[in-house]
Amino acid sequence: MTGGSFFNIFFILFPMLFLLPQSSVAKPAFFMRDFHTTWAESHLKLLNNGAAIQLSLDPSSGCGFASNNKFMFGHVRMKIKLVPGDSAGTVTAFYLNSATEAIRDELDFEFLGNRSGQPYTVQTNVYAHGKGDREQRVNLWFDPSADFHTYSILWNHQHIVFFVDAIPIRVYKNNEARGVAYPNAQPMGIYSTLWNADDWATRGGLEKIDWSKAPFYAYYKDFDIEACAVPGARSDCNTVSSWWDAPSYHQLSPIQARAYRWVRLHHMIYDYCTDRARYPVAPPECFAGI
Ligand SMILES: *[C@@H]1O[C@H](CO)[C@@H](O)[C@H](O)[C@H]1NC(C)=O
């Protein structure tokens, strides 16, 4: 199948088959109430009475924010509009992090800017119990700076799924039975940052930030956190059952699996699992299917 024909089918079926539930527990998050600035308040601006925020990067600083709560399991979603035009060297990130350095769990979405007209790259990574080095990269099939798109992470006991507009781009399964660490013992906070990473981000660091184009802006809105808060009203996120623990979320649906194959076939540009220079023997989780 070509990328194009899948795309058409995808959009016809999208509303019915892809949407994660807008369940009754859906709780939109608000910046003022649910997040705080972690880096350079001067570079972070609330828009529309706090419904959206603008992050900026200039030669003096980038900036960042984080959630006030930590969470264990759930679904975290936000809409992001990335730095437009010549964004080479900039990185905009959205990630979950346990903030426990040596034994850190972390789930990363990193959006690597590019020269005008070149594709944006989404890098994902999974740290479990302090061990990361599990990068995958997908070039986006649309211009993520032209409009807001939805980016989300589903985290339950069975797997972690990274979604772009409800299309799975990365799945990390719970392979504890094979001795692979899985993030399920520590709560994680939600973080976002915009910073200068031109020592590595674009074409391996060859493309530098063009500061004559600064300031660079990225926008976030529609924060939606459906997750078990720690500390929170529920005492134990591991035993409580929520929609994200329902059997239908234990694996991708057939149509999601098909969309995921389409991404891997047509848009994936790097997978640590197949990088033999780095891993002469692929790490154990790579053999457990996708
Ligand atoms: C930037 O564009 C180049 C050329 O199309 C591409 O090879 C690369 O994957 C893109 N992304 C990054 C982050 O370098």
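With mature numbering (1 follows the signal peptide of the UniProt record, and there is no 0) applied, the sequence shown covers -26 to -1, 1 to 264. Heads up, the beta-carbon is just placed ideally off N, CA and C, and yes, glycines get one too. Quick caveat, the model's predicted, so the values are computed rather than measured.
- Secondary structure of A26 (DSSP, three-state): strand.
- The residues N99, V100, Y246, in chain order, have a CB closer than 6 Å to that of R108 in the same chain once the five nearest residues on each side in sequence are set aside.
- Here L21 is exposed: its Cβ has fewer than 16 other Cβ atoms, across all protein chains shown, within 10 Å.
- Looking at Y193, D249, D172, the one whose alpha-carbon comes closest to that of A25 is Y193.
- The three-state reading of DSSP puts A102 in strand, counting E and B together.
- Apart from sequence neighbours up to five positions away, the residues of its chain that approach A256 with a beta-carbon distance below 6 Å are C247, ordered along the chain.
- Rounded to whole angstroms, the gap between the alpha carbons of W13 and W169 is 10 Å.
- In the DSSP assignment, Y165 falls within the beta strand (DSSP E) that extends over 163 to 170.
- Annotation: D196 to Y234 spans about 24 Å, alpha carbon to alpha carbon.
- DSSP places H240 in the uninterrupted alpha helix (DSSP H) bounded by 228 to 240.
- DSSP places D198 in the uninterrupted beta strand (DSSP E) bounded by 190 to 204.
- Membership of R250 in any beta strand (DSSP E) is not indicated, and neither H nor E is assigned to it by DSSP.
- E181 has its Cβ nearer than 8 Å to a heavy atom of ligand 1.
- H224 counts as exposed, since fewer than 16 other C-beta atoms from the protein chains shown sit within 10 angstroms of its C-beta.
- Judged by DSSP secondary structure, F5 falls outside any beta strand (DSSP E) and instead within the alpha helix (DSSP H) spanning 5 to 8.
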